[in-house]
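Trainee:
Here it is, written out as structure tokens:
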């Protein structure tokens, strides 16, 4: 595999690099990208800001390949991309991986809305012991295999049965 | 497994749920959490905002369990958590998964700095065809198994050999 050469490791180490945004990118199986975008709108109220389709795939295939859709959610841009052969993401071992934590004042309603849209709730709402944002935490798994923690910023949990 | 009951699916579907933040949480093997935090500071200039340790593990184990460290990066909070038995994340299949895209004006320097800190560059810098933020894209894999896309917002790529 080709590697980018580090031409000047010393200088690079000291360089001040400014980042202007962090955008989680959810890579899903290509034919499911369109559905995934609709799901995130419905489950979390994400707003579609733009969608880039593969130029060659548009014409000759039934389902256009979504290279990247930009979804706005709580001031963050989340990217949803159809998986292509070249964009293979790493296989994580069980127990490790990237999950997305959504902060809200109303965890119970947010979990219920996500479940109504097709996510699966995992476990009960629990008081976070520091594992997430510190407050009440609910967990849902979406139909595309991603886990979302839905948590409140403060130490308050609605009465969950 | 216990499931959160959807008591009133209809109402939930219509509920307006406001999210105040999206925080990517990187779950790493518990003994590596401290190293991972240092790596993200060194590689990306993340700033540690806070760290919550497991109260019971602090006293009787050599390495305290990091329940959650909050790292500030480009206005976003990234959480780094040590994996506990209860916090199992899903195993993703090859090609799909969550990657984090970092936007910067200087992709080349950012990739070089990450590599100097211990990340592995994957492939050359390429002009994005829409797969990410639309500009120049570099890809690095960090020592904890996470893939980061480092991309410029506009269509400009430094001369990469």
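Protein chains in written order, with the working numbering: chain L, 18 to 178; chain W, 18 to 178.
We put the beta carbon where it would ideally sit given N, CA and C, even for glycine.
These numbers come from a predicted model, not from an experiment.
If you measure between the beta carbons of residue 69 of chain L and residue 83 of chain L, is that distance less than 9 Å?
Mentor: Position 52 of the first chain, counting from 1, holds the residue named residue 69 of chain L. Position 66 of the first chain, counting from 1, holds the residue named residue 83 of chain L. It is a contact, given that the beta carbons lie within the stated cut-off.
Trainee: Secondary structure at residue 72 of chain L, three-state DSSP: helix, strand or coil?
Mentor: Residue numbering aside, residue 72 of chain L sits at position 55 when the first chain is read from its first letter. It is helical.
Trainee: Quick check: what's the CA-CA separation for residue 133 of chain L versus residue 60 of chain L?
Mentor: Against the first chain, residue 133 of chain L aligns to sequence position 116. Against the first chain, residue 60 of chain L aligns to sequence position 43. Roughly 8 Å separates the two Cα atoms.
Trainee: Would you say residue 186 of chain W lies against chain L (beta-carbon separation less than 9 Å)?
Mentor: Residue 186 of chain W cannot be examined here, being either before or after the span of chain W that is shown, 18 to 178.
Trainee: In terms of residue numbering, what span does the beta strand (DSSP E) encompassing residue 120 of chain W cover?
Mentor: Position 103 of the second chain holds residue 120 of chain W. First-last of the beta strand (DSSP E) with residue 120 of chain W: 114-121.
Trainee: Which residue from L:159, L:126 and L:153 puts its Cα closest to that of residue 135 of chain L?
Mentor: Taking the first chain and counting its residues from 1, one reaches residue 135 of chain L at position 118. In terms of CA proximity to residue 135 of chain L, L:159 leads the group L:159, L:126 and L:153.
Trainee: State the CB to CB distance for the pair residue 100 of chain L and residue 46 of chain L, rounded to an integer number of angstroms; the pair is presumed to be in contact (CB under 8 Å).
Mentor: Against the first chain, residue 100 of chain L aligns to sequence position 83. Against the first chain, residue 46 of chain L aligns to sequence position 29. Contact flag correct, Cβ pair sits at about 6 Å.
Trainee: Check whether the Cβ atoms of residue 37 of chain L and residue 120 of chain W lie closer than 9 Å to each other.
Mentor: By 1-based counting over the first chain, the position of residue 37 of chain L is 20. By 1-based counting over the second chain, the position of residue 120 of chain W is 103. Against a cut-off of 9 Å, the Cβ pair of residue 120 of chain W and residue 37 of chain L comes out as a contact.
Trainee: By the three-class DSSP mapping on this structure, what secondary structure does residue 33 of chain L have?
Mentor: As a working mapping, residue 33 of chain L is identified with position 16 in the first chain. DSSP places residue 33 of chain L in coil when its eight states are reduced to three.
Trainee: Anything in chain W within Cβ reach of residue 159 of chain L, meaning under 8 Å, just list it in chain order.
Mentor: Within the first chain, the letter at position 142 stands for residue 159 of chain L. Those do not exist, as residue 159 of chain L stays about 10 Å from chain W at its closest Cβ, beyond 8 Å.
Trainee: Determine the extent of the alpha helix (DSSP H) in which residue 130 of chain L is found, giving its start and end residues.
Mentor: Against the first chain, residue 130 of chain L aligns to sequence position 113. Here the alpha helix (DSSP H) through residue 130 of chain L covers 124-134.
Trainee: Use the C-beta contact count for residue 125 of chain W: other C-beta atoms within 10 angstroms, 16 or more gives buried, fewer gives exposed.
Mentor: Residue numbering aside, residue 125 of chain W sits at position 108 when the second chain is read from its first letter. By the neighbour-count rule (16 or more Cβ atoms within 10 Å), residue 125 of chain W is buried.
Trainee: Determine, for residue 40 of chain W, whether the minimum Cβ-Cβ distance to residues of chain L falls below 9 Å.
Mentor: Against the second chain, residue 40 of chain W aligns to sequence position 23. True, the Cβ-Cβ gap to chain L drops below 9 Å.
Trainee: Applying the criterion that 16 or more other CB atoms from any shown protein chain within 10 Å of the CB defines a buried residue, is residue 144 of chain L buried or exposed?
Mentor: The residue you call residue 144 of chain L lines up with position 127 of the first chain. Exposed, since its Cβ has fewer than 16 Cβ neighbours within 10 Å.
Trainee: So that I know if they touch, is there some Cβ in chain L lying closer than 9 Å to that of residue 122 of chain W?
Mentor: Taking the first residue of the second chain as 1, we reach residue 122 of chain W at position 105. Answer yes: the Cβ-Cβ gap between residue 122 of chain W and chain L drops below 9 Å somewhere.
Trainee: Identify which residue in W:81, W:85, W:154 and W:49 has its Cα closest to the Cα of residue 152 of chain L.
Mentor: Start at 1 with the first residue of the first chain, and residue 152 of chain L comes out as number 135. Looking from the CA of residue 152 of chain L, the closest CA among W:81, W:85, W:154 and W:49 belongs to W:85.
Trainee: Rounded to a whole number of angstroms, what is the C-alpha to C-alpha distance between residue 66 of chain L and residue 54 of chain L?
Mentor: The sequence position of residue 66 of chain L within the first chain is 49, counting from 1. The sequence position of residue 54 of chain L within the first chain is 37, counting from 1. Between residue 66 of chain L and residue 54 of chain L, the C-alpha separation is close to 11 Å.
Trainee: So who's on the other strand from residue 41 of chain W, going by DSSP bridges?
Mentor: As a first step, residue 41 of chain W must be located in the second chain, where it is residue number 24. Paired residue(s): L:117.
Trainee: Ignore the nearest five residues each way along the sequence and tell me which others in residue 95 of chain W's own chain have a CB closer than 6 Å to its CB.
Mentor: Your numbering for residue 95 of chain W matches position 78 in the second chain. Closer than 6 Å at Cβ, skipping near neighbours: 41 and 88.
Trainee: Please report the straight-line C-alpha distance between residue 180 of chain W and residue 98 of chain W, rounded to a whole angstrom.
Mentor: Given that chain W is displayed from residue 18 to residue 178, the structure contains no residue 180 of chain W and the question cannot be resolved.
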